[in-house]
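Take 2 as the starting number for the sequence shown in our numbering and just add one per residue.
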Amino acid sequence: MSDTPKRNKRHYENHMRVRNYACPKCPMRFYTSLTLSSHLKAHSGSRLFCCDVCGQRLSSKKNLINHKTAKHSDVRPFSCDICGLRFVIKDSIKKHMITHTGERPHGCMFCDRRYGSVGDLKDHLRKHIGDKIYQCDRCDAAFRLIAELRDHYAVHFKDGIDPATSYPPNFRLTLSNVVNLRYQKELSGSSADKSK
2 MSDTPKRNKR
12 HYENHMRVRN
22 YACPKCPMRF
32 YTSLTLSSHL
42 KAHSGSRLFC
52 CDVCGQRLSS
62 KKNLINHKTA
72 KHSDVRPFSC
82 DICGLRFVIK
92 DSIKKHMITH
102 TGERPHGCMF
112 CDRRYGSVGD
122 LKDHLRKHIG
132 DKIYQCDRCD
142 AAFRLIAELR
152 DHYAVHFKDG
162 IDPATSYPPN
172 FRLTLSNVVN
182 LRYQKELSGS
192 SADKSK
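Pasting the structure below:
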C-alpha cells in the first residue's frame with residue numbers, strides 16, 4: 002500500500018474513479034487524457050527514446066528510465082524484510098512476498114489450479130489453449146503477446162465504432178480479463194452448439 006495517509010487516500014480514490022478516457026483503437030480506458038495520449042504512442046509504433054546502453058527504443062521517457070533502471074543499473078534500493086533480496090522497483094517486493102506467504106491469487110478459469118504469479122498462470126494456460134493465449138473476443142484471431150492483441154483491436158475499432166461502448170467502464174487489457182472473455186466466448190459457443 003502507500004507510505005502516508007495522503008498517498009493512501011489517493012490510492013483508494015484511484016480504485017473508485019471511473020476510466021472516462023477510452024482509446025479509439027482498443028478496449029483500454031484511462032483516468033486521464035495524459036495517460037491516454039501516452040498509451041496512443043504504443044499504437045503509433047513511435048519509439049523516440051533510445052537507450053544509450055543497449056540501443057533498445059522505447060515509446061516514452063518514463064519507459065526509458067524504467068528500462069535503464071531495471072536492466073542496466075546495479076542500484077537496488079528496495080529490500081525484502083524477510084530474506085533480504087533486493088529490488089529495483091518497490092512494487093516487485095509485493096510480488097516477491099507471495100513466495101513467503103504462499104498466497105496464490107491467480108486462478109485458472111478452465112480448472113481449479115491457482116498460482117502465485119501471473120507468469121506461472123500464463124505457463125499453465127498454454128496447456129489448456131496453446132501458445133497463443135490472447136484471443137480477440139470479436140473474432141478468432143489469437144496472439145502470443147498481449148501487445149499483438151492490442152494492435153489487432155484497431156481492425157475492429159475503425160470506421161467510427163466506439164470501443165468504450167463495448168466494454169465495462171473500468172475494463173483493462175490484462176491476462177485475466179482477456180482469458181476470461183475467451184472463456185466466456187467458448188462457453189457461449191458450446192451452449193450454442195448444444196442447442197442445435
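Glycine residues also receive a C-beta, built at the ideal position from the N, C-alpha and C atoms.
Rounded separation between residue i and residue j - CA only
i: ASP141; j: LYS26; result: 18 Å
i: GLY54; j: LEU188; result: Rather than Gly, the amino acid found at residue 54 in this sequence is Val. So the two alpha carbons sit approximately 48 Å from each other.
i: LEU182; j: TYR135; result: 10 Å
i: VAL179; j: LYS186; result: 11 Å
i: ARG20; j: ARG58; result: 29 Å
i: TYR32; j: ARG139; result: 25 Å
i: HIS73; j: GLY56; result: 12 Å
i: ILE66; j: LEU86; result: 22 Å
i: ASP113; j: LEU126; result: 12 Å
i: ARG122; j: LEU174; result: The displayed chain sequence assigns Leu, not Arg, to residue 122. Rounded to whole angstroms, LEU122 to LEU174 spans 16 Å at the Cα level.
Residue burial classification, residue i (beta-carbon count within 10 angstroms, cutoff 16)
i: SER45; result: exposed
i: SER3; result: Its pLDDT being 48, under 50, SER3 is placed unreliably in this model, and the coordinates cannot settle the point.
i: ARG151; result: buried
i: HIS107; result: buried
i: LEU146; result: exposed
Nearest candidate by alpha-carbon position, reference residue i, set the options
i: ARG48; options: SER60, GLN185, ASP124 and HIS68; result: SER60
i: HIS40; options: ARG139, LYS96, CYS51 and ALA23; result: ALA23
i: PRO170; options: LYS42, LEU65, MET29 and SER38; result: MET29
i: ILE99; options: ASP113, LYS123, VAL119 and PHE50; result: VAL119
i: THR102; options: ILE90, MET110 and TYR116; result: TYR116
i: ALA155; options: LYS7, ARG8, ALA43 and ASN67; result: ALA43
i: SER93; options: ARG173, PHE79, THR166 and THR5; result: PHE79
i: HIS68; options: ARG87, CYS51 and ALA143; result: CYS51
i: ILE83; options: HIS97, HIS153, THR36 and LEU176; result: HIS97
i: SER177; options: GLY131, HIS157, ALA143 and CYS109; result: CYS109
Bridge partners - residue i, DSSP secondary structure assignment
i: PHE50; result: LEU59
i: ARG139; result: Looking at the DSSP assignment, ARG139 forms no beta bridge with any residue, so it has no partner.
Host alpha helix (DSSP H) of residue i (start-end)
i: MET98; result: 91-102
i: LEU35; result: 34-45
i: VAL119; result: 119-130
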